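Novice: My structure is below; once you've seen it, I'll send some questions.
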Amino acid sequence: VRFAVAFARDLPFGRCVAVTLPPDGARDEDLAALHPEEAAHARGLGAIRRVTWVGGRIALRAALQDLGVGPEQGAIGATKRGAPALPPGLVGSLSHKEMLAVALVARSAEEGGGRKPAATVGIDVEIARPPRADIAPRVLTPDEHRRVQGLNEAAAARELLIAFSAKEAIYKALDPWVGRYVSFQEVALARDARGALVATLALAHTEGPFAVELHEEPASGLILVAARVRPAPRCS
Ligand SMILES: CC(C)(COP(=O)(O)OP(=O)(O)OC[C@H]1O[C@@H](n2cnc3c(N)ncnc32)[C@H](O)[C@@H]1OP(=O)(O)O)[C@@H](O)C(=O)NCCC(=O)NCCS
47 VRFAVAFARD LPFGRCVAVT LPPDGARDED LAALHPEEAA HARGLGAIRR
97 VTWVGGRIAL RAALQDLGVG PEQGAIGATK RGAPALPPGL VGSLSHKEML
147 AVALVARSAE EGGGRKPAAT VGIDVEIARP PRADIAPRVL TPDEHRRVQG
197 LNEAAAAREL LIAFSAKEAI YKALDPWVGR YVSFQEVALA RDARGALVAT
247 LALAHTEGPF AVELHEEPAS GLILVAARVR PAPRCS
C-alpha cells in the first residue's frame, strides 16, 4: 500500500496520523486520494516537494476522518505563511521527513467573534540520529546549552534534537498568533522535576502572553513533539 498509515494515535492535543512516503515519489494515481484542488497544486510541485506535500495532505485527511470530518469540507490549502489551512473549528499541523509525513489535528472552539481558535497546535518529527553539533548555538539558549553540556554525549545529542523539534512544533503553533519569524532564542526549554519538557516564551516583540504546552510522544526511531498554544490571561 502506498502512503500507508504508519501509526495513528490520540495525543493530548489532538489526533495524530503518520503515513510512510513511497521512495519512488508521488505518482499520478496517488493524487486521486486528494481533493482536485490539492491534486492540481501537487502537480505543479517538483518531485521531492511533491511526495512530502502529498503525504502531508493524506495524513491530514486521515486524521480529520478519524475526527469525523469528511472531504466535503473542501481542499486543505495553505495560509500565506505556509501552514495548512483547515476548515473553521479545526486546527492542525504537519511535519515530514524523507520517508514519513505526520499530521496533528484537533477541534477548537472559535473565540472573539468566531475568528480565532481558542488554541492552536504544532507538530514536528525528526529522525532519532545524532544532529550536526554545529546547530547547537543557534537552537539552544545559553541556559539550555549549559544543561545539555552536563549530559553524556548520546544524551546531549538527543536533548539537542528534542529541543530543535520542540521549538519547531512551538513555532508552528505560535505562527497563527504572531505571523512572523520567531527565532530559536525566543523560546527557553527546561525539564521539570518529573522530567517533562516545559517551555517559556521570551518573545522579541510585544505579543502575548501565551500559554505553551508540550508533549513528547514515544515513537520508535523518531523524535515526535507536539505543542499547543493559547492566549494566557495577563498578570495584573
Ligand atoms: C516553518 C518551519 C517550522 C518548517 O519546518 P521544517 O523542518 O522545514 O519542515 P517540517 O516538515 O517539520 O514542516 C513542514 C510543514 O510545516 C508547515 N508550515 C510551513 N510554514 C508554516 C508556518 N509558518 N506556520 C505553521 N506551519 C507551517 C507546512 O504544513 C509544511 O508542510 P507542507 O508545506 O507540506 O504543507 C521551519 O522551516 C521554520 O521556518 N522555522 C523557523 C524557526 C523556528 O523554528 N524557530 C523556533 C522558535 S519558536
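Once you know that position 110 of the sequence shown is 156 in the numbering used here, the rest is easy, because the numbers rise by one and skip nothing.
Where a beta carbon is used, it is the ideal one built from N, C-alpha and C, also for glycine.
These figures come from a predicted structure and were not determined experimentally.
Is it buried or exposed for residue 190, if we count other Cβ within 10 angstroms and need 16 for buried?
Specialist: Residue mapping note: residue 190 aligns to position 144 of the sequence shown, counting from 1. Classification for residue 190: buried.
Novice: Tell me whether the beta-carbon of residue 139 lies closer than 9 Å to the beta-carbon of residue 167.
Specialist: Here residue 139 is taken as the residue at index 93 of the sequence shown, counted from 1. Here residue 167 is taken as the residue at index 121 of the sequence shown, counted from 1. For residue 139 and residue 167, yes; Cβs fall inside 9 Å.
Novice: Looking at residue 186 and ligand 1, is the gap between the Cβ and the nearest heavy atom below 8 Å?
Specialist: The residue labelled residue 186 in the question sits at position 140 within the sequence shown. Not under cutoff, so the answer is no.
Novice: Which of the three DSSP states is assigned to residue 163 in this structure?
Specialist: Along the sequence shown, one-based indexing puts residue 163 at 117. Looking at residue 163 - three-state DSSP - the assignment turns out to be strand.
Novice: Do you know whose CA, among 210, 229 and 172, lies nearest residue 236's CA?
Specialist: Against the sequence shown, residue 236 aligns to sequence position 190. Measuring from the Cα of residue 236, the nearest candidate turns out to be 210.
Novice: Where residue 101 and residue 238 are concerned, what is the direct C-alpha to C-alpha distance, given to the nearest angstrom?
Specialist: Within the sequence shown, numbered from 1, the residue matching residue 101 stands at position 55. Within the sequence shown, numbered from 1, the residue matching residue 238 stands at position 192. One C-alpha to the other measures close to 35 Å.
Novice: Would you say the beta carbon of residue 162 is closer than 8 Å to some non-hydrogen atom of ligand 1?
Specialist: For the purposes of this step, residue 162 is identified with residue 116 of the sequence shown, where counting begins at 1. Not so, every heavy atom of ligand 1 lies at least 8 Å from the Cβ.
Novice: Could you give the first and the last residue of the continuous beta strand (DSSP E) run that contains residue 149?
Specialist: Residue mapping note: residue 149 aligns to position 103 of the sequence shown, counting from 1. Counting along the chain, the beta strand (DSSP E) containing residue 149 begins and ends at 146-153.
Novice: Grab me the residues of residue 246's own chain with a C-beta within less than 7 Å of its C-beta, minus the 5 sequence neighbours each way, in chain order.
Specialist: Here residue 246 refers to the residue found at position 200 when the sequence shown is read from its first residue. So the qualifying residues of the chain are 234.
Novice: Sort 176, 59, 229 and 153 by Cα distance to residue 187 and report the nearest one.
Specialist: For the purposes of this step, residue 187 is taken as residue 141 along the sequence shown, with counting starting at 1. Nearest of 176, 59, 229 and 153 to residue 187, Cα basis: 229.
Novice: Using CA atoms only, rank isn't needed, just tell me which of 56, 258, 217 and 207 is closest to residue 267.
Specialist: For the purposes of this step, residue 267 is taken as the residue at position 221 of the sequence shown. When each option's Cα is compared against that of residue 267, the closest is 207.
Novice: Whole angstroms is fine: what's the gap from residue 244's alpha carbon to residue 258's?
Specialist: Translated into the one-based positions of the sequence shown, residue 244 becomes position 198. Translated into the one-based positions of the sequence shown, residue 258 becomes position 212. If I take the Cα positions, the gap works out to 8 Å.
Novice: Among 241, 183, 67 and 180, which residue has its Cα nearest to the Cα of residue 143?
Specialist: For the purposes of this step, residue 143 is taken as the residue at position 97 of the sequence shown. Comparing Cα positions, the closest option is 67.
Novice: Is the beta carbon of residue 87 sitting closer than 9 Å to the one on residue 117?
Specialist: Numbered from 1 along the sequence shown, position 41 holds the residue referred to as residue 87. Numbered from 1 along the sequence shown, position 71 holds the residue referred to as residue 117. No. Outside cutoff.
Novice: With respect to 8 Å, is the separation between the Cβ of residue 142 and the closest non-hydrogen atom of ligand 1 below this value?
Specialist: Within the sequence shown, the letter at position 96 stands for residue 142. Within the cutoff, so yes.
Novice: Is residue 251 helix, strand or coil by DSSP?
Specialist: The residue you call residue 251 lines up with position 205 of the sequence shown. If DSSP states are grouped into helix, strand and coil, residue 251 belongs with coil.
Novice: Bridge partners of residue 87, per DSSP?
Specialist: On the sequence shown, residue 87 is found 41 positions in, with the first residue counted as 1. Residue 87 is not bridged to any residue.
Novice: Determine, using beta carbons only, whether residue 165 and residue 105 come nearer to each other than 9 Å.
Specialist: The residue you call residue 165 lines up with position 119 of the sequence shown. The residue you call residue 105 lines up with position 59 of the sequence shown. Their beta carbons are not under 9 Å apart, which means residue 165 does not touch residue 105 by this criterion.
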